[in-house]
Amino acid sequence: MTVESEGKKKVVAIVQSCYIPWKGYFDLIGSVDEFIIYDDMQYTRRDWRNRNLIKTPQGLSWLTLPVKVKGKYHQLIRETELEGDKWRTDHWKALQQNYRRAPFFDEIAHTLEPLYLERSYENLSDLNRAMMEALCLLLGISTPMKWSWEYDLVEGKTERLVGLSKQAGATVYVSGPAAKDYIQPELFADAGIALRFFDYSGYPEYPQQWGAFEHGVTALDLLFNCGKDARNYMKYPAISQNASFWKETTAHE
């Protein structure tokens, strides 16, 4: 239960799916009562939707999912199809080669390998959600996930977020800090929903392979290196005792 869950409040986050996201993404999921996957947005190239970083002896390296984009300039994330199956073995081999000596590789691989080599996926969103749910399980996060299209959608960036939040019964909406560039706090205030931004600063370092420490890599890096102790290097286990992880806007509750 989060801080905001007390007193019959409901905390919601609405975020686009990412491929094997970094630890901060999972902290956001773990800190809310409902996580809405916002894949009704336009797919953007060279973004976190279809790629993420791993550590290697040669430095940081991208794992990129091939997707069908030719002639599909305005397709939504949920409409984006995967291109072929070669990525399955390529990505799994890359993870094996670079993390096989990590203390908890075998433990995590038991869950991860079937997702790469056996399970079928309808599209990018389907794959991303499957990976996200698997990593949540490994991190001990039980927040329910829903698709944005399970709700009615309206026009306008902030208006749509407010609409989704209201339909989900939210009293608090938690956003990533990047949304400060466009979000309209007054619309949340008018709807009686508190707007807060998640604070991604202050992460501790954990035992990590291959040179200087890097925070901005896939959460698999944390899991391979720390196993069940991964949560000790994240924020969500302490949120129910410490509200300092939130940064409030001027919007009133």
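At position 20 of the sequence shown (counting the first as 1) the number is 19 in numbering that gives the first Met the number 0, and the numbers step up by one without a gap.
Backbone N, C-alpha and C define an ideal beta-carbon position, used for all residues, glycine too.
### Helix, strand or coil at residue 94 [DSSP, three-state]
Looking at residue 94 - three-state DSSP - the assignment turns out to be helix.
### Task
Check whether the region 81-90 touches the region 186-197, counting contact only when three or more Cβ pairs, one atom from each stretch, lie closer than 8 Å.
Taking a contact to require three or more Cβ pairs closer than 8 Å, the region 81-90 and the region 186-197 do not qualify as touching.
### Straight-line Cα distance separating residue 108 from residue 227
A direct Cα-Cα distance of roughly 14 Å separates residue 227 from residue 108.
### Query
residue 200: buried (16+ other C-beta within 10 angstroms of its C-beta) or exposed?
Residue 200 should be labelled exposed.
### Task
Count the C-beta pairs between the region 41-49 and the region 174-183 that are closer than 8 Å, then say yes if the count reaches three, no if not.
The region 41-49 vs the region 174-183: no contact.
### Task
Would you mind working out which of 11, 10, 59 and 29 sits nearest residue 216, comparing C-alpha positions?
Among 11, 10, 59 and 29, the Cα nearest to that of residue 216 belongs to 59.
#### Entry: Between the CA atoms of residue 121 and residue 152 - distance to the nearest angstrom
Rounded to the nearest angstrom, the two C-alpha atoms are 23 Å apart.
### Query
What does a CB cutoff of less than 8 Å around residue 116 pick up in its chain, not counting 5 residues either side in sequence?
Excluding its 5 nearest sequence neighbours in each direction, residue 116 has C-beta neighbours in its own chain below 8 Å: 87, 88 and 91, listed in chain order.
### Message
Under DSSP, the alpha helix (DSSP H) around residue 165 begins and ends at which residues?
### Response
Under the DSSP assignment, residue 165 falls in the alpha helix (DSSP H) whose first and last residues are 156-166.
### Message
Could you check whether residue 169 and residue 11 sit closer than 8 Å to each other, using their CB atoms as the reference points?
### Response
With contacts defined as CB atoms closer than 8 Å, residue 11 and residue 169 qualify as a contacting pair.
### Message
Please identify the residue among 17, 18, 66 and 33 whose C-alpha is closest to the C-alpha of residue 173.
### Response
Ranking 17, 18, 66 and 33 by Cα distance to residue 173 puts 33 first.
### Query
Closer than 7 Å: is that where the CB of residue 147 sits relative to any heavy atom of the ligand NAP?
The ligand NAP is not among the ligands present in this structure, which contains no ligands whatsoever.
### Query
Are the region 29-43 and the region 203-220 touching, with three or more C-beta to C-beta distances below 8 Å?
The region 203-220 and the region 29-43 do not touch, with fewer than three beta-carbon pairs separated by less than 8 Å.
### Query
Hey, quick one: how far does the beta strand (DSSP E) through residue 196 stretch, first residue to last?
According to the DSSP assignment, residue 196 belongs to the beta strand (DSSP E) that extends over 193-197.
### Task
From the DSSP output, in three-state form, read off residue 229 for me.
DSSP places residue 229 in helix when its eight states are reduced to three.
### Task
Count the other CB atoms, across all protein chains shown, that sit within 10 Å of the CB of residue 72; report buried if there are 16 or more and exposed otherwise.
By the C-beta density criterion, residue 72 is exposed, having fewer than 16 other C-beta atoms within 10 angstroms.
### Spatially closest choice to residue 163 from 141, 142, 177 and 186, by CA coordinates
Answer by Cα proximity: 186.
### Message
Distance check for residue 147 and residue 166, CA to CA, integer angstroms please.
### Response
Each residue's Cα considered, the two are about 11 Å apart.
### Query
Going straight from the alpha carbon of residue 18 to that of residue 7, what length do you get?
Cα to Cα, residue 18 sits roughly 33 Å from residue 7.
### Query
Is residue 134 buried or exposed, if buried means 16 or more other CB atoms sit within 10 Å of its CB?
Flag for residue 134 reads buried.
#### Entry: residue 174 - containing beta strand (DSSP E), residue span
In this chain, the beta strand (DSSP E) harbouring residue 174 covers 171-174.
### Query
If you check the beta carbons only, do residue 157 and residue 31 fall under 8 Å apart?
Between residue 157 and residue 31, the CB-CB gap reaches or exceeds 8 Å.
#### Entry: Residues that DSSP places opposite residue 33 in a beta bridge
According to the DSSP secondary-structure assignment, residue 33 is paired through a beta bridge with 11.
### Task
Starting from the C-beta of residue 104, find all residues in its chain whose C-beta is less than 6 Å away, skip the five residues before and the five after it, and write them out in chain order.
98 and 223, listed in sequence order.
#### Entry: Entirely enclosed beta strand (DSSP E) segments - the region 62-135, minimum 3 residues
Whole beta strand (DSSP E) segments, 3+ residues: zero.
### Message
Which of the three DSSP states is assigned to residue 18 in this structure?
### Response
Coil at residue 18, not helix or strand.
### residue 52: first and last residue of the uninterrupted alpha helix (DSSP H) it sits in
Boundaries for residue 52: no alpha helix (DSSP H) harbours it, while the beta strand (DSSP E) harbouring it runs 50-55, taken from the DSSP string.
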